[in-house]
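Asker:
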Amino acid sequence: MKPINRRSNAPVFWGLFGAGGMLAALFGPVLVFITGIAVPLVLILPADAMSWPRMQAFAQHWAGKGLLFVVVALFMWHAMHRILHSLHDLGVHAGTALKFACYGLALLVTMTAAWILVAVGF
Amino acid sequence: MAETSGNGKVIRVEVLRYRPEQDEEPFLQGYDVPFTDDMSVLQGLQYIKDWLDGTLSFRWSCRMAICGSCGMMIDGEPRLACKTFLRDFPAGTVRVEALAHFPIERDLVIRMDDFLAKLERIKPYIIPKEERTLAQGEYLQTPAQLDVYEQFSSCINCLLCYAACPQYGLNPDFVGPGIMALLHRYNADSRDGAAVERMEIAGSEAGVFNCTAVGYCSEVCPKHVDPANAVNQNKTRAAGDYFLRLVRPKGGAK
């Protein structure tokens, strides 16, 4: 048995994973319904619900920005953590490289989302 | 043993054999065991040892699911041999193997050194928050305080949860479900004051974050302990400790 005293840094990623999971459970299904079913098929919602001017206005409002940011970023952290651990179950064990790839991609998406949300203006 | 062969029922018991001094690797050996409906798998093994093959080795003691000695893989599931009955295998055959994820010492006997070393490390005993002299009397506890940890104190160290845990199978450095249940049993005890010390293990790289919430550990526990719950509660607590140490004035941080 190896010494087991080194504090794990997992809480950072586990926290992001947990937050993303909570958010995915609350918003994921309804987002799939709105963006994938209701709007394209014009069910319940009006045809222009996700039109360019509406979505631009949404992304320019501070509350819309915040919502878009946490949904994109936290969903991503959740997904990459889950993929990393599922790979482990399948026998692909997380070395430093794989961790960097998974969490790095999540970080990249987070920063890209932030950059785009700032770029669309207020 | 006339009384056990009375009703003419016979079951084929396939046993994983391994005698390190003569076997290259483990292999299955079959025995035809006459049985009655009240016979456990353990009694079946005892019949084999007494009447068919005296060289078979397995651990047992109490025969009543409290000593935790006879954990083995029965038809691929981690179970206590004394709590599993031969009548429940209507196909007329049952496979008995050493507990998964542990090195085999001999036949159905596994080496539990790893578990025992981990058990010692978590200090599985109450370290009083405040020492009381005899004159001050006993350490009192309310029924509500007892409820918080009582189920976790039912652990009998049978290791079925370790054989069930895919993460322990992949990485034996993981402290594992049973140890986390016991660690939680003492940390959650109102009389105990050593939680900070034990949380160093729960929050370490060998600790709770190795768990991926499969939950099979709690399913196989013969004493209805819920190790998965102990792990989950301590994930939250270890994450809290991790972030709070950054804002605590002094101490705590490591």
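In order, the protein sequence lines correspond to chains A and B. The opening position of the first sequence corresponds to residue 1 in my numbering, with each subsequent residue numbered one higher. The opening position of the second sequence corresponds to residue 1001 in my numbering, with each subsequent residue numbered one higher. Glycine residues also receive a C-beta, built at the ideal position from the N, C-alpha and C atoms. Because the structure is a prediction, the values reported are computed rather than measured.
1) Say whether the region 1099–1112 of chain B touches the region 1015–1031 of chain B, bearing in mind that this needs 3 or more beta-carbon pairs closer than 8 Å, one atom from each stretch.
2) Around the Cβ of Asn1187 (chain B), are there at least 16 other Cβ atoms within 10 angstroms (buried) or fewer (exposed)?
3) Could you round the C-beta distance between Ala19 (chain A) and Leu74 (chain A) to whole angstroms and report it? I think they count as a contact, below 8 Å.
4) Three-state secondary structure (DSSP) at Ile44 (chain A)?
5) Using the rule of at least 16 other Cβ atoms within 10 Å of the residue's Cβ for burial, across every protein chain shown, is Ala47 (chain A) buried or exposed?
6) If you scan the region 1183–1250 of chain B from start to end, which runs of the alpha helix (DSSP H) of 4 or more residues do you find wholly inside it?
7) Pro1166 (chain B) versus chain A: which residues are under 8 Å apart at the beta carbon?
8) For the beta strand (DSSP E) holding Met1039 (chain B), just list the boundary residues, first then last.
9) At the level of alpha carbons, what is the spacing between Ala1065 (chain B) and Pro1177 (chain B)?
10) By the 10 Å Cβ neighbour count, where 16 or more other Cβ atoms means buried, how is Arg1295 (chain B) classified, buried or exposed?
11) Once the 5 residues before and after Ala1230 (chain B) are set aside, which same chain residues still bring their CB inside 7 Å of it?
12) Mind listing, in chain order, the continuous beta strand (DSSP E) runs of no fewer than 3 residues lying wholly within the region 1013–1068 of chain B?
13) Alpha carbon to alpha carbon, what distance is there between Ala63 (chain A) and Met50 (chain A)?
14) If you drop the 5 nearest sequence neighbours on each side, which residues of the same chain put their C-beta closer than 6 Å to that of Tyr1139 (chain B)?
15) Using alpha carbons as the reference points, say which of B:Cys1211, B:Phe1209, B:Asp1189 lies closest to Ala1144 (chain B).
16) How long is the line joining the alpha carbons of Leu87 (chain A) and Asn1234 (chain B), rounded to whole angstroms?
17) The region 1202–1234 of chain B: which residues have C-beta closer than 7 Å to a C-beta of chain A, in chain order?
18) Do the CB positions of Trp14 (chain A) and His81 (chain A) come within less than 9 Å of each other?
19) State the DSSP-derived secondary structure class of Leu1108 (chain B), mapped to helix, strand or coil.
Answerer: Reading off the structure:
1) yes
2) Mapped onto the second sequence, residue 1187 (chain B) falls at position 187. Flag for Asn1187 (chain B) reads buried.
3) Here residue 19 (chain A) refers to the residue found at position 19 of the first sequence. Here residue 74 (chain A) refers to the residue found at position 74 of the first sequence. Yes, Ala19 (chain A) and Leu74 (chain A) are in contact; Cβ-Cβ is about 5 Å, under 8 Å.
4) Mapped onto the first sequence, residue 44 (chain A) falls at position 44. Ile44 (chain A): coil per DSSP, three-state reduction.
5) Along the first sequence, read from residue 1 onward, the residue named residue 47 (chain A) stands at position 47. Result: exposed.
6) 1195–1202, 1216–1220, 1227–1244
7) As a position in the second sequence, residue 1166 (chain B) is number 166, starting the count at 1. The answer, in chain order, is Asp89.
8) The count along the second sequence starts at 1 and reaches residue 1039 (chain B) at position 39. Note, Met1039 (chain B): premise wrong, no beta strand (DSSP E); not H, not E.
9) Translated into the one-based positions of the second sequence, residue 1065 (chain B) becomes position 65. Translated into the one-based positions of the second sequence, residue 1177 (chain B) becomes position 177. Roughly 19 Å between the two C-alpha positions.
10) Summary: the structure shown does not reach residue 1295 (chain B), with chain B confined to residues 1001 through 1254, and so no result is reported for it.
11) Working through the second sequence from its first residue, we reach residue 1230 (chain B) at position 230. Within the same chain, Ala1230 (chain B) has close Cβ partners Phe1152, Met1180, Ala1181, His1184.
12) 1027–1034
13) In the first sequence, counting from the first residue as 1, residue 50 (chain A) sits at position 50. In the first sequence, counting from the first residue as 1, residue 63 (chain A) sits at position 63. Distance between the alpha carbons of Met50 (chain A) and Ala63 (chain A): 17 Å.
14) The residue labelled residue 1139 (chain B) in the question sits at position 139 within the second sequence. Closer than 6 Å at Cβ, skipping near neighbours: Arg1191.
15) Residue 1144 (chain B) sits at position 144 when you count from the first residue of the second sequence. It is B:Asp1189.
16) Sequence index remark: in the first sequence, residue 87 (chain A) carries index 87 (1-based). Sequence index remark: in the second sequence, residue 1234 (chain B) carries index 234 (1-based). Roughly 24 Å between the two C-alpha positions.
17) Gly1203, Ser1204, Glu1205, Ala1206, Gly1207, Phe1209, Thr1212
18) Against the first sequence, residue 14 (chain A) aligns to sequence position 14. Against the first sequence, residue 81 (chain A) aligns to sequence position 81. Closer than 9 Å, so yes.
19) Translated into the one-based positions of the second sequence, residue 1108 (chain B) becomes position 108. It is coil, neither helix nor strand.
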